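Student:
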DNA sequence: TATATTTGCGTCATTAAGACACATTATTAT
DNA sequence: ATAATAATGTGTCTTAATGACGCAAATATA
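Chains as they are written, first to last, in my numbering: chain A, 1 to 234; chain B, 1 to 234.
#1: Just how far apart, CA to CA, sit residue 15 (chain B) and residue 173 (chain B)?
#2: By a C-beta neighbour count over all protein chains shown, 10 Å radius and 16 as the cutoff for buried, is residue 224 (chain B) buried or exposed?
#3: Would you report the Cα separation of residue 124 (chain B) and residue 72 (chain A), rounded to the nearest angstrom?
#4: How long is the line joining the alpha carbons of residue 13 (chain A) and residue 38 (chain A), rounded to whole angstroms?
#5: Per DSSP, what are the beta-bridge partners of residue 200 (chain B) in this structure?
#6: Which two residues bound the contiguous beta strand (DSSP E) that contains residue 133 (chain A)?
#7: What first and last residue would you give for the alpha helix (DSSP H) that runs through residue 156 (chain A)?
#8: For residue 51 (chain A), name the three-state secondary structure that DSSP assigns.
#9: Residue 187 (chain B) CB to nearest chain A CB: under 9 angstroms?
#10: Relative to the C-alpha of residue 139 (chain B), which residue among B:83, B:103, B:228, B:94 is closest?
#11: Quick one: residues in its chain with C-beta nearer than 7 angstroms to the C-beta of residue 137 (chain B), no 5 flanking neighbours on either side, listed in chain order?
#12: Would residue 144 (chain B) be called buried (16 or more neighbouring beta carbons within 10 Å of its own) or exposed?
#13: Are residue 167 (chain A) and residue 191 (chain A) close, meaning C-beta to C-beta below 9 angstroms?
#14: Of the residues that make up the region 78-102 of chain B, which ones have a beta carbon closer than 8 angstroms to any beta carbon in chain A?
#15: How many Å lie between residue 90 (chain A) and residue 9 (chain B) at the Cα?
#16: According to DSSP, is residue 118 (chain B) part of a helix, a strand, or is it coil?
#17: Label residue 11 (chain B) either buried or exposed according to how many other C-beta atoms from any shown protein chain fall within 10 Å of its C-beta, with 16 as the threshold for buried.
#18: Do residue 58 (chain A) and residue 88 (chain B) have their C-beta atoms within less than 9 angstroms of each other?
#19: Counting only C-beta atoms, is residue 134 (chain B) closer than 9 angstroms to chain A at any point?
#20: On the DSSP letters alone, give me the boundaries of the alpha helix (DSSP H) that residue 40 (chain A) sits inside.
#21: Take residue 222 (chain B) and list the residues in its own chain whose beta-carbon comes closer than 8 angstroms to its own, dropping the five residues that flank it on each side.
#22: Whole angstroms is fine: what's the gap from residue 100 (chain B)'s alpha carbon to residue 30 (chain A)'s?
#23: Take residue 163 (chain B) as the anchor and find which of B:200, B:183, B:135, B:187 has the nearest alpha-carbon.
#24: Can the beta-carbon of residue 165 (chain B) be found closer than 9 angstroms to that of residue 105 (chain B)?
#25: Quick one: which chain A residues come within Cβ less than 8 angstroms of residue 138 (chain B)?
#26: Answer yes or no: do residue 33 (chain A) and residue 17 (chain A) have a C-beta to C-beta separation smaller than 9 angstroms?
#27: So residue 133 (chain A) and residue 46 (chain A) are supposed to be a Cβ contact under 8 angstroms. How far apart are they, rounded?
#28: Of all the CB atoms in chain A, is at least one closer than 9 angstroms to the CB of residue 229 (chain B)?
#29: Tell me which residue opens and which closes the beta strand (DSSP E) that residue 83 (chain B) is part of.
#30: In this structure, what does DSSP give as the bridge partners for residue 25 (chain B)?
#31: Pop quiz: residue 61 (chain B) and residue 50 (chain B) are said to be a contact at Cβ under 8 angstroms. What is the actual Cβ separation, rounded to whole angstroms?
#32: Please confirm whether residue 226 (chain B) has its beta-carbon closer than 9 angstroms to some beta-carbon of chain A.
#33: For residue 125 (chain A), write down the residues that DSSP places opposite it in a beta bridge.
What follows is the structure, encoded as structure tokens:
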């Protein structure tokens, strides 16, 4: 379908439209970002957010999912629109408008693979991210800010944690996202009072100390809470 | 610059990019939306959000401001990006990606004028908006939802009220946005405790009853509160 | 068996929120 | 003038949430 060059003509000039994704993962200790090493110019060899050009038969969200599948092998993940960047000089190839998304994924859902255009994907701790291609530093910062504010009024965890988890693990997730320390006992009280946790009978074992109780999220209550929002001031 | 037709050719097809604006105004009683009556096809004669096509030398935000100035005569207003809509069939003229914005304006800053393309602009109460062109109903709903959630964690009022105002007026603004009734005395306590109001010596007069005290926002404290956020659970 | 480490539950003081009562002020009607 | 009306402003009381801790229980290791 794209065989002929110089095929598409318009009365007025048009920008290209692309999507880029800020993908957050949690390994139990740190918040991580998934980056792609660019295999082609511009910015060849530099790290960048996964993304690519919009096709005429897909929405920007579909584009983001497709590019993620192609470049990282991930599919069926939680995706939300972040912001649209349109600075005139943000891409040396010409005028490019980028619709950015952010995604929350369980670490184990993702197998690091090379992409389809000679690129490779890798997790980076949020505080050890190298300088990125294009204006992706800014997109990443906007994504992280959004996540930090979102966690204040919507439950986060289901999308980032394994199905079975402990409250201390959930607390480490909150601390990794917000970059602050919270009181263990108050966190416990707050998260329990939300009434979205289902206890599992067995505890965590073999950790060299008292094992924490295990839980899973009550999906219905979790989604209901997500819809009506909450106030997580911890 | 746009004299020749069929001038711009690309290797791959590209969507058009436009901006649309949800403009909120407050007249002291109701929340209003500014709409444009379309003077040309498609949807000629129907009401629509103000907006238009992106030019190559401007960002989407600059585009939104330019279109607003052209179509409604408004400039220098508070503008914030809302959402980007990219459904494949959202515009009968072809593939159009729209970056939407919402704006908060003081009613008196705006003089209703006809636009430059034989269209006319008019305020509509938020609950008496007619069926709109394109997918603008959806954009409007997203804009109103955003405003409702935003008011919960950022001060709103400075952008929508006159410079001098009373607390009951501010309360009516909150009630108009949220669509609920709040207790007068608790609202008073809450808004006063935010420490962003500067009292003016004279009261409101000639209103048939006790006149309310007048205030203005302390700009610095207002902006500081806006940056750090708040929790307005009223 | 003692020790270290981490988890789970409880307490207490402070603050904020929701529901009202009551006094004050300015205009209008008698 | 005086009373009635219709708002506004301040205060009280109860209940709920928050922040800062204390202490006991559980589990692997010395």
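A virtual CB, placed ideally from N, CA and C, is assigned to each residue, including glycine. A quick note: this is a predicted structure, and the numbers were derived from the prediction, not measured.
Tutor: Taking the geometry as given:
#1: In the second chain, the residue the question calls residue 15 (chain B) occupies position 15. In the second chain, the residue the question calls residue 173 (chain B) occupies position 173. Spanning the two alpha carbons is a distance of roughly 39 angstroms.
#2: Translated into positions along the second chain, residue 224 (chain B) becomes position 224. Exposed, because fewer than 16 other Cβ atoms sit within 10 Å of the Cβ of residue 224 (chain B).
#3: Position 124 of the second chain, counted from the first residue, corresponds to residue 124 (chain B). Position 72 of the first chain, counted from the first residue, corresponds to residue 72 (chain A). Taking the straight line from one Cα to the other gives about 47 angstroms.
#4: Translated into the one-based positions of the first chain, residue 13 (chain A) becomes position 13. Translated into the one-based positions of the first chain, residue 38 (chain A) becomes position 38. Looking at the two C-alpha atoms, the distance is approximately 28 angstroms.
#5: For the purposes of this step, residue 200 (chain B) is taken as residue 200 along the second chain, with counting starting at 1. Paired residue(s): B:214.
#6: Locating residue 133 (chain A) in the first chain gives position 133, counting from the first residue. Per DSSP, residue 133 (chain A) lies in no beta strand (DSSP E) and is assigned neither H nor E.
#7: Translated into the one-based positions of the first chain, residue 156 (chain A) becomes position 156. Where residue 156 (chain A) is concerned, there is no enclosing alpha helix (DSSP H), given that its DSSP letter is neither H nor E.
#8: By one-based count along the first chain, residue 51 (chain A) stands at place 51. Looking at residue 51 (chain A) - three-state DSSP - the assignment turns out to be strand.
#9: By 1-based counting over the second chain, the position of residue 187 (chain B) is 187. No, residue 187 (chain B) does not count as interfacial toward chain A.
#10: For this step, residue 139 (chain B) is matched to residue 139 along the second chain. The residue with the shortest Cα to Cα distance from residue 139 (chain B) is B:83.
#11: Counting from one through the second chain, the residue named residue 137 (chain B) turns up at place 137. These residues qualify, in order along the chain: 131.
#12: Residue numbering aside, residue 144 (chain B) sits at position 144 when the second chain is read from its first letter. Buried: at least 16 other Cβ atoms inside 10 Å.
#13: What you label residue 167 (chain A) is simply residue 167 of the first chain in a count that begins at 1. What you label residue 191 (chain A) is simply residue 191 of the first chain in a count that begins at 1. Cβ atoms of residue 167 (chain A) and residue 191 (chain A): closer than 9 angstroms.
#14: 81, 83, 84, 86, 87, 88, 95, 97, 99
#15: Reading the first chain from its first residue, position 90 is the one you call residue 90 (chain A). Reading the second chain from its first residue, position 9 is the one you call residue 9 (chain B). If I take the Cα positions, the gap works out to 21 angstroms.
#16: Within the second chain, residue 118 (chain B) is the residue found at index 118, counting from 1. The pLDDT assigned to residue 118 (chain B) is 43, lower than 50, so where the model puts this residue is not dependable; a value taken from the coordinates is nonetheless given after this. Annotated three-state conformation of residue 118 (chain B) is coil, per DSSP.
#17: Position 11 of the second chain, counting from 1, holds the residue named residue 11 (chain B). Exposed, because fewer than 16 other Cβ atoms sit within 10 Å of the Cβ of residue 11 (chain B).
#18: Translated into the one-based positions of the first chain, residue 58 (chain A) becomes position 58. Translated into the one-based positions of the second chain, residue 88 (chain B) becomes position 88. Yes.
#19: Indexing the second chain from 1 puts residue 134 (chain B) at position 134. For residue 134 (chain B), the answer is no, since every Cβ of chain A falls outside 9 angstroms of its Cβ.
#20: Numbered from 1 along the first chain, position 40 holds the residue referred to as residue 40 (chain A). Looking at the DSSP string, residue 40 (chain A) is not in any alpha helix (DSSP H), and its letter there is neither H nor E.
#21: Taking the first residue of the second chain as 1, we reach residue 222 (chain B) at position 222. 155, 158, 196, listed in sequence order.
#22: Looking up residue 100 (chain B) in the second chain gives position 100. Looking up residue 30 (chain A) in the first chain gives position 30. Roughly 35 angstroms separates the two Cα atoms.
#23: Locating residue 163 (chain B) in the second chain gives position 163, counting from the first residue. Comparing Cα-Cα distances from residue 163 (chain B) to each of B:200, B:183, B:135, B:187, the minimum goes to B:200.
#24: Within the second chain, the letter at position 165 stands for residue 165 (chain B). Within the second chain, the letter at position 105 stands for residue 105 (chain B). In this structure, residue 105 (chain B) does not lie closer than 9 angstroms to residue 165 (chain B) by Cβ.
#25: Numbered from 1 along the second chain, position 138 holds the residue referred to as residue 138 (chain B). Per Cβ cutoff of 8 angstroms: no residues; residue 138 (chain B) is ~13 angstroms from chain A at best.
#26: Here residue 33 (chain A) is taken as the residue at index 33 of the first chain, counted from 1. Here residue 17 (chain A) is taken as the residue at index 17 of the first chain, counted from 1. No, the Cβ-Cβ distance between residue 33 (chain A) and residue 17 (chain A) is not below 9 angstroms.
#27: Position 133 of the first chain, counted from the start, is the residue given in the question as residue 133 (chain A). Position 46 of the first chain, counted from the start, is the residue given in the question as residue 46 (chain A). So it is a contact: roughly 4 angstroms between Cβ atoms.
#28: As a first step, residue 229 (chain B) must be located in the second chain, where it is residue number 229. Yes - at least one Cβ of chain A is within 9 angstroms of the one on residue 229 (chain B).
#29: Residue numbering aside, residue 83 (chain B) sits at position 83 when the second chain is read from its first letter. Residues 78-85.
#30: As a first step, residue 25 (chain B) is located in the second chain; it is residue number 25 there, counting from the start. Answer is B:32, B:105, bridged to residue 25 (chain B).
#31: Here residue 61 (chain B) corresponds to residue number 61 of the second chain, with the count starting at 1. Here residue 50 (chain B) corresponds to residue number 50 of the second chain, with the count starting at 1. Going by Cβ atoms, the distance from residue 61 (chain B) to residue 50 (chain B) rounds to 14 angstroms, so no, they are not a contact pair.
#32: Residue mapping note: residue 226 (chain B) aligns to position 226 of the second chain, counting from 1. Chain A, which has no Cβ nearer than 9 angstroms to the Cβ of residue 226 (chain B), makes this no.
#33: To locate residue 125 (chain A), count along the first chain from 1; it is residue 125. The partner list for residue 125 (chain A) (beta bridge, DSSP) reads A:32.
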